[in-house]
Amino acid sequence: MPDLTLFATIHPKPEFFKQALEALNRIVEPTLQESGCKTFTVHTTKNADESPRKIYLFEVWRDEEALDFHYQQAYSQNVFEQYKLWLEEPVHVIKMCPER
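Take any residue in the sequence shown, note its place counting from 1, add 19, and you have its number in the numbering used here.
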């Protein structure tokens, strides 16, 4: 089964951008320790003056089960809970698999 690749666009309210970015950066290391995680990187728009600023996650998982496991972790759940206050709109997630 091919890997599951995920690209997420996160649009925090301007006043919560820094907090959201810091929270996501804090979960990078524990996420990479998960056995099903192959890649988990946090990106932002290149131009700091670009408004509204967004955060992007690029993730590669062994499979959907590994992603579900990640979503169940306390550190992931904590970020999801904060999203309720921090975000201007729901996270937009694109799931992809390589064509072989």
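Quick reminder that beta carbons are idealized off the backbone N, C-alpha and C, glycines included.
Nothing here was measured: the structure is a model prediction, and the numbers come from that model.
Could you tell me if residue i is buried or exposed, where buried requires 16 or more neighbouring beta carbons within 10 angstroms of its beta carbon?
{"i": "residue 109", "result": "exposed"}
{"i": "residue 93", "result": "exposed"}
{"i": "residue 33", "result": "exposed"}
{"i": "residue 71", "result": "exposed"}
{"i": "residue 21", "result": "exposed"}
{"i": "residue 31", "result": "buried"}
For residue i, which option in the options has the closest C-alpha, if you only look at C-alpha atoms?
{"i": "residue 105", "options": "50, 114, 42", "result": "42"}
{"i": "residue 36", "options": "85, 21, 75, 59", "result": "75"}
{"i": "residue 61", "options": "102, 107, 111, 29", "result": "29"}
{"i": "residue 58", "options": "111, 38, 82", "result": "82"}
{"i": "residue 90", "options": "38, 53, 21", "result": "53"}
{"i": "residue 26", "options": "102, 80, 103", "result": "80"}
{"i": "residue 88", "options": "55, 102, 101", "result": "55"}
{"i": "residue 114", "options": "107, 102, 86", "result": "86"}
{"i": "residue 44", "options": "95, 66, 84", "result": "95"}
{"i": "residue 111", "options": "48, 101, 66, 73", "result": "73"}
Of all the CB atoms in chain B, is at least one closer than 7 Å to the CB of residue i?
{"i": "residue 29", "result": "Among the chains in the structure shown there is no chain B, since it carries only a single protein chain."}
Rounded to the nearest angstrom, what separates residue i and residue j at their Cα positions?
{"i": "residue 50", "j": "residue 77", "result": "12 Å"}
{"i": "residue 23", "j": "residue 99", "result": "21 Å"}
{"i": "residue 97", "j": "residue 46", "result": "10 Å"}
{"i": "residue 66", "j": "residue 107", "result": "20 Å"}
{"i": "residue 101", "j": "residue 38", "result": "9 Å"}
Assuming residue i contacts residue j (C-beta within less than 8 Å), just tell me the rounded distance between them.
{"i": "residue 63", "j": "residue 40", "result": "7 Å"}
Next on the checklist: At 3 residues or longer, what runs of the beta strand (DSSP E) sit wholly inside the stretch 32-109?
Outcome noted: 56-63, 74-80
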